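Below is one structure; the comments refer to it alone.
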Amino acid sequence: MKRFLDVYWLIYFAGYLAAIGILLWLHWHNLTTGDNPTSRLADIFTIAAGSASAFAIIVEGGGRIVLLIPKTVKKLLNEGRKQGHKEGREEADAEWEAWLRRRLEAEANNQPFDEPPPSQRE
């Protein structure tokens, strides 16, 4: 794991160096002909550090989000499945209770009851 993290930081450092190179190339004329090139150079290094930091935050944050998505989807599916099982069980229980109530009423009234139980219906 340590080696993996080292590779990540090398990538971020390479991004920092690339940002410095690009910014130096873009502002070379201002550095060589303008007044106070030291201040401009400091600005370039600051902007490059901010760019590399933003890149690191985006990559790390994106990685975390990508890792969380499957866990969240799995959790939601499991909750939905549990809810579906619960609702299905409640519905089946209600059908059986209604059938049993009708059968007991028919027996109490000495009436024939030939309705098939809910498990034998289509």
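Residue numbers (my numbering): 145 to 266. Built from N, CA and C at the ideal position, the CB exists for glycine as well. Since this is a predicted model, take the numbers as computed values, not measurements.
{"Check": "Residue 196 versus residue 180: straight-line alpha-carbon distance, rounded", "Outcome": "25 Å"}
{"Check": "Touch test, the segment 201 to 209 against the segment 218 to 230, Cβ-Cβ under 8 Å, three pairs minimum", "Outcome": "no"}
{"Check": "Inter-residue spacing [alpha-carbon to alpha-carbon] between residue 237 and residue 258", "Outcome": "20 Å"}
{"Check": "The segment 160 to 176 / the segment 186 to 203 touching (three or more Cβ pairs under 8 Å)", "Outcome": "yes"}
{"Check": "Cβ-Cβ distance between residue 167 and residue 188 below 7 Å", "Outcome": "yes"}
{"Check": "Same chain, Cβ closer than 6 Å to residue 247, five either side skipped, listed in chain order", "Outcome": "257"}
{"Check": "Residue ranges of each alpha helix (DSSP H) within the segment 221 to 262, 4 or longer", "Outcome": "none"}
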